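A.B. asks:
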Amino acid sequence: MNRQFLLCIIITCLAACALAQQRRSLRIVSWNVENLFDTIDDAGFRDEEFLPEGERRWSGARYSRKLNDVARVVAAMSDSCGVPDLIGLCEVENDSVLTRLTTRSPLRHFGYDYVITHSSDARGIDVALLFQPSRFRLLEQNIINVRAQGTQTRTTRDILYVKGLVSTNHGADTLHVIVVHLPSKTGGRAGDKLRRQAATTLWDVADSIMRNVRYEAAAGSQPRIVVIGDFNATARDRIFRRCPLLIADDPAAAGTYCYRGFWQWIDHALHSTSVHPFTPARPFALPWLLEDNSTYGGQMPRRTFRGTFYHGGVSDHLPVVFDICL
2 MNRQFLLCII ITCLAACALA QQRRSLRIVS WNVENLFDTI DDAGFRDEEF LPEGERRWSG
62 ARYSRKLNDV ARVVAAMSDS CGVPDLIGLC EVENDSVLTR LTTRSPLRHF GYDYVITHSS
122 DARGIDVALL FQPSRFRLLE QNIINVRAQG TQTRTTRDIL YVKGLVSTNH GADTLHVIVV
182 HLPSKTGGRA GDKLRRQAAT TLWDVADSIM RNVRYEAAAG SQPRIVVIGD FNATARDRIF
242 RRCPLLIADD PAAAGTYCYR GFWQWIDHAL HSTSVHPFTP ARPFALPWLL EDNSTYGGQM
302 PRRTFRGTFY HGGVSDHLPV VFDICL
């Protein structure tokens, strides 16, 4: 990475952090970063295709490039509204990936800490939350398993629950953050069933937070809840019928994922009524995150792989940015 770009990141970071101390809003990002694997075999998980000798020829150089590109996107989000305070990531392999991202990529200049699940997903795919300790004081974290009905076998990615203190106009308040990556549509009816079960678990968690906060706090107190992640479903999907939260998607935006030429909103930001959006959740579509769709026309995210062939992009999903007022 050239020195000029590194210097720009540092200057941007310092300016954004100064602005962050003055504002009373919180910038939240949600992003499926498409198979962010390291190059080391993780015993017990099917990650062989992402080894240097594997089918995808996942090398150290490609891994470093992807980490640096993720950092570039985060740096680009650090504008006059401030540095991102919370970043939910889907499709990260393990702790080592996030340690390297936060301490050895240009993202180290932002001072992020993180929490991550340790799911029994067959490929070892996890979800994580990066946070700025100066803006979000970690109080509690919990990993919630999603199990198939009638069995104790863990069947899909875990749900990450994080509770922290944030600064508001009235001092400090508690924010509950949930990061999810619901099962994909692969597998037909079986995949749909798993996604419904995971969504049911998610809504149960949100309901439980609401009940507990109302019981423990003064009458009329409402919990501040934000849910972010890849739902693998649009807002019209049946899994949202029981949703106790509001969906913050910008209706003017096409979506976050492009399938056969059609844009879809499948990466969502949800919030409780006590959370007030400063802006709607919107895709962050940097020009270099996109490319022309030679098959169907228009544009689509420039992904890291096409099939098993390295394509050099960052992700097949666009990141979502969501600002809330405090």
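Here the numbering used here is used: position 282 in the sequence shown is 283, and no number is missing along the way. Think of the CB as a built atom: it goes at the ideal place given N, C-alpha and C, for glycine as much as any other residue. It should be emphasised that the depicted structure is a prediction, and the values quoted were computed from it without experimental measurement.
1. What residues in its chain sit with their C-beta under 6 Å from that of G61, if we drop five residues either side in the sequence?
2. Hey, how far is the Cα of F263 from the Cα of A234?
3. Look up V206 in the DSSP assignment and say whether it is helix, strand or coil.
4. Do A200 and I226 have their C-beta atoms closer together than 9 Å?
5. Following the continuous alpha helix (DSSP H) through L290, name the residue where it begins and the one where it ends.
6. Following the continuous beta strand (DSSP E) through T103, name the residue where it begins and the one where it ends.
7. Count Cβ pairs between the segment 72–91 and the segment 100–112 that sit closer than 8 Å; are there 3 or more?
8. Under DSSP, the alpha helix (DSSP H) around D70 begins and ends at which residues?
9. How would you label S79, buried or exposed, when you count the other beta carbons within 10 angstroms and need 16 or more for buried?
10. Tell me the DSSP secondary structure of P224 in three-state form.
11. How do the segment 28–36 and the segment 241–250 stand: do at least 3 beta-carbon pairs fall below 8 Å, yes or no?
12. At the level of alpha carbons, what is the spacing between L1 and I126?
13. Got a sec, what are the start and stop residues for the beta strand (DSSP E) G172 sits in?
14. Suppose contacts are defined by Cβ-Cβ distances below 9 Å. Is P134 in contact with D159 by that definition?
15. Using CA atoms only, rank isn't needed, just tell me which of S26, V116, L271, V84 is closest to T169.
16. Is Q198 helix, strand or coil by DSSP?
17. Tell me the residue span of the beta strand (DSSP E) that contains H269.
18. Is it true that the CB of V180 sits closer than 9 Å to the CB of V128?
19. Closest by CA to Q1, which one among R148, L246, D43?
20. Let me know if E54 comes out buried or exposed under the rule of 16 or more other beta-carbons within 10 Å of its beta-carbon.
21. Would you report the Cα separation of V98 and N213, rounded to the nearest angstrom?
22. Measuring alpha carbon to alpha carbon, tell me which residue in I325, L130, T305 is nearest R63.
23. Assign Q23 to one of two classes, buried (16 or more other C-beta atoms within 10 Å of its C-beta) or exposed (fewer than that).
24. Are the beta-carbon atoms belonging to A282 and F232 less than 9 Å from one another?
25. Going by DSSP, what residues sit across from H318 in a beta bridge?
26. Can you tell me which of D174, L271, T187 puts its alpha carbon nearest to the alpha carbon of S222?
27. If I follow the unbroken beta strand (DSSP E) through P302, where does it start and stop?
28. In chain order, what residues of the same chain have a beta carbon less than 7 Å from the beta carbon of L68, not counting five sequence neighbours either side?
29. Out of D48, D122, I29, R136, which one is the CA nearest neighbour of F38?
30. How far does the beta strand (DSSP E) with D127 in it reach, from first residue to last?
31. To which residues of the same chain is I267 closer than 7 Å at the C-beta, ignoring the five residues directly before and after it?
32. Please report the straight-line C-alpha distance between R190 and E94, rounded to a whole angstrom.
C.D. replies: Taking the geometry as given:
1. T40
2. 14 Å
3. helix
4. no
5. First-last for L290: undefined, no H or E at that position.
6. Careful: T103 lies outside any beta strand (DSSP E), inside the alpha helix (DSSP H) at 96–104.
7. yes
8. 61–77
9. buried
10. coil
11. no
12. Absent from the structure is residue 1, since the part of the chain shown begins at 2 and ends at 327.
13. 172–182
14. no
15. S26
16. helix
17. 268–272
18. yes
19. Any question about residue 1 goes unanswered here, given that the chain covers just 2 to 327.
20. exposed
21. 34 Å
22. T305
23. With a pLDDT of 45 at Q23, under the threshold of 50, the predicted position of this residue should be treated as unreliable, and no value is reported.
24. no
25. Y258
26. D174
27. 300–302
28. R101, L102, S106
29. D48
30. 127–132
31. D231, F232, N233, A234, T235, T257, Y258
32. 26 Å
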